[in-house]
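Chains as they are written, first to last, in this note's numbering: chain A, 433 to 1043; chain B, 6 to 164.
For every residue, glycine included, the Cβ atom is placed at its ideal position computed from N, Cα and C.
Here's the structure, in structure tokens; my notes come after.
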Amino acid sequence: MSSVPFNAELAARPRADAEILAGDTEFPAAQMWPIKGALALGLVSLAVGGLLGLLQAIDRVNINLYGFTRPVIDNYYQGLTLHGVLLALVMTFTFANGFLSLTTMKGFQRPLASTFLAQGVFWVGTIGVVLAGFAMLTNQANVLYTMYAPMSAHFLFYFGAVLLVASTWLVSLNQLLTLRAWRKEHQGERIPLLAYASIVTFLMWDLASIGIAVEALAQLLPMSAGLINSVNPQLTRTLFWFTGHAIVYFWLLPAYVSWYCLFPRQVGGKIYSDGLTRFVFILFLLFSVPTGLHHQYTDPGVPVWLKTAHFFSTLAIAVPSLITAFTMMAMLEMGGRHNGGKGFLGWIPKLNWGDPSVTAQLLAMLTFILGGITGIVNASYTVNEVVHNTAFIPGHFHITVGTAVTLTIMGVCFWLVPYLTGKALWSRQIALLSVWLYTIGVLTFSRGQMWGGIDGIPRRSEMGAARYARDYIAGMDWTLSNQLTAIGGVVMTIGGGLFLLTMIMTLFNSQRAHVEIPVAETVIGPRESWKGLDSIGKWTGLGFLLILLAYGPTLFILVRNGGSATPIPMVAMGYQPHVPPGMDNILVIVYMLVVAAAFGGFWKLLQRNAS
Amino acid sequence: MKVHSLEKIYLALCAVLIVLGVIAIGASVFSHGVHLVGPSGSVNAAGIAKQAPFDQLGLKQTGDGQYEMTMLGQMWQWNPIKQQEPLTVPAGSTITFKATSSDVIHGLMVRGTNINAMIIPGQITELTYTFDKPGEYLIVCHEYCGAFHQEMYGKLVVS
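Below you can see the structure in the form of structure tokens.
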């Protein structure tokens, strides 16, 4: 473990703006570049994944642009796989890796314990994305991001995904080593809240990712390498959803870290309660995984009593988000009144709506109320029968991961990129416009999807090519809901495009700015919160025990009698094993070079200080 | 641990809300007779066409107003349903669907009904629904199963 000298002098010095070099952070450059690299990878994923989403949205009104994107993007399902993987896995994971590494350092006021690990995170994750990206771009992994066996993709797809997950484990390991080092230096002190939230987020994900790790090692990798010739589809699906529900909290919790620990400072409020903030993160650590079977209410191989048990535990996971709703409102009201807001609701217009970072995150919170409610619909034992696997589901998650998470990432980037580069945000007005447009777009999109879903539109289906969608069933008309989806998708894309434009122009901005990480203070501080919450090792152990209780019987039953080994069908279109070398592959390589150049450019510009 | 009294009240209300939600959903299980699919036996996806009940596919009348529909999810059709030849039953009929997959994971949905479940190779999915309302019903695959996933559909006419 190398020890990098912490720039204590720089951190401690009262920072008169004129005196400080813009873009000069208090942390060692050797640990900052991997963070910038992760962010660049995430933003490029957002650009590519978002554009492919547009193609899917307009397919709903029968506009098919795949003729123009061929042969790089050959068909709807290839685009859909890339869309899901790039946005749900790559953008979210790289943002969590970069952002929460930074907040860990900021919370502890010290560098990470290992520079080797910090840089390893970047390389392992990037290589993973390149390998999986190659498989997807060459049409050899049209299996969507859920990758249900026995449909099979190229080996490199699974291998790349495993590397991407491994990069998150390296972040977690480095955080824990840093915690250990910090504890030696600060015996008897409470773990700083910002670092605490960042670490517990990754511990939750460590537990959650056990499922997909076992699935990959025991089934998917051997299957795609040709080492086994049959799999257990019900078992692999269950292992996927072991991770698959908790993964949404791995998308969400980095946003919560911002909402709880940083955002109050941006609106002039304070963190309402140190203890309850820690408690919320511990609840996620405990209950994120033992709820996964609510994604499998309609699976034939899972006993009904287990589904019922998971229904109850699923409701427990609503508690931390309900607490969050209260805390956020309290914090916002405090901020609004601090800014001079009077009366019952007079504090709302006094919030700093002119700051794009604030507005983005306020919109994230508002739309997440709808996301949470529709989530409870999905989790409901009975109502799920109406919406399961319909367009309602993408309607739901575009107002959770597509807003709460994505808008928070946008909002954070509005201060994070200036912080990292020392360059002022390019245009406040366009930044504001981008988040409003994006929000209006995503709400319209989700309205169309959810309405259509309740009326029976299946999810993950190429509507433009679906002959049953038009003039097949008497009295069935999906036109209007599909139009809303398409219009929403277009507006979203314009909003997202303006956001990316703001980011690019900021990187080229000659105007300097000195931005600090906004760390908020607490009203009810750590002295008044329960010390036991800091024993994160014990809480993780308890979380593991709950998982054993919730998943032990399920997996035992599936392994024992679900042993219905299913041969891997050769016709699985997720994988065309013998793509001849030719024009297609050359174009794919050219395309990947272009994306790599965009990524490299982003990264380079993020490195360059304004000085 | 110090918690503000307003927040304690709020947390209590949340607890009440969740309990009420559980009661409402529990009540709907009984009032609407909702039965989630559960294990109904397993089969071997290899050579499925020779194993009962999938050796005889199709709609069979098993009693007065009682039908059984045995079907196979395949890339890319609901064997033996043909897109332009709807299944027909009289209104008030109860149909038990028995389905499995011979290749990858599919999903069976009959639009406007509670028939909505995964079709997983090796597992038998069994669902029952009484079609009281006359009309046309879309039978569709709702889990991505490959390039021509959107070709997996059929029609049920309740007259």
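Taking the Cα of I872/A as reference, the smallest distance to any Cα among L534/A, G676/A and A796/A is reached at A796/A.
Three or more beta-carbon pairs separated by less than 8 Å link the region 740-750 of chain A to the region 718-727 of chain A, which places the two stretches in contact. For I919/A, the closest of R899/A, G880/A and V951/A by C-alpha to C-alpha distance is G880/A. Under DSSP, C146/B forms a beta bridge with L113/B. Restricted to the region 488-570 of chain A, not a single beta strand (DSSP E) segment is unbroken, complete and at least 3 residues in length.
The DSSP assignment places no complete beta strand (DSSP E) segment of no fewer than 3 residues inside the region 627-702 of chain A. The C-beta of G70/B comes no closer than 8 Å to any C-beta of chain A. Bridge partners of I956/A according to DSSP: S705/A. Annotation for S33/B: the continuous alpha helix (DSSP H) segment containing it runs S10 to S36. G52/B is positioned such that its CB atom lies no closer than 8 Å to that of M583/A.
Taking the Cβ atoms as the reference, G530/A lies roughly 3 Å from A470/A, within the contact range of under 8 Å. Among the residues of chain A, those whose CB is under 7 Å from the CB of N119/B are E817, following chain order. Within 10 angstroms of the beta-carbon of F800/A lie 16 or more other beta-carbons, which makes it buried. Under DSSP, the beta-bridge partners assigned to L92/B are L161/B.
The residues M842 and S866, in chain order, have a CB closer than 6 Å to that of F931/A in the same chain once the five nearest residues on each side in sequence are set aside. Residue contact with chain A for Y15/B: present (Cβ-Cβ distance below 8 Å to some residue of chain A). For M579/A, not one C-beta of chain B is nearer than 8 Å to its own C-beta. For G63/B, the pairing in a beta bridge is given by DSSP as T75/B.
Between the beta-carbon of L521/A and that of F711/A there is about 29 Å, and that puts the pair past the 8 Å contact cut. Here the region 701-719 of chain A makes no contact with the region 658-677 of chain A; the two share fewer than three CB pairs at distances below 8 Å. The beta-carbon of T130/B is placed less than 8 Å from the nearest beta-carbon of chain A. Apart from sequence neighbours up to five positions away, no residue of its chain approaches D731/A with a beta-carbon distance below 6 Å. Within the model, the alpha-carbon separation for S690/A versus A528/A is close to 11 Å. Here DSSP, grouped into helix, strand and coil, assigns Y580/A to coil. Distance between V109/B and E148/B, taken at the CA atoms: about 10 Å.
When the beta-carbon positions are compared, L626/A and V951/A come within less than 8 Å of each other.
By a beta-carbon distance limit of 8 Å, R622/A does not contact N914/A. Their separation comes to about 53 Å. Considering only H828/A, Y813/A, W785/A and A811/A, the residue with the shortest C-alpha distance to L802/A is H828/A. Here the alpha carbon of L848/A sits roughly 35 Å from the alpha carbon of N574/A.
Using a 10 angstroms sphere on the CB of L25/B, the tally of other CB atoms stays under 16, which defines it as exposed. If the five residues before and after S641/A are omitted, its C-beta is found closer than 6 Å to the C-beta atoms of V597 and T675, all from its own chain and listed in chain order. S961/A has a beta carbon lying within less than 8 Å of a beta carbon in chain B. Listed along the chain, the chain B residues whose CB falls inside 8 Å of the CB of T814/A are I30, S33, V34, H37 and V39. For I53/B, no chain A residue has a Cβ inside 8 Å of its Cβ, as the nearest lies near 10 Å away. Cβ contact annotation for S10/B (same chain, cutoff 7 Å, sequence separation greater than five): none. Per DSSP, M80/B lies in no alpha helix (DSSP H) segment and is marked neither H nor E.
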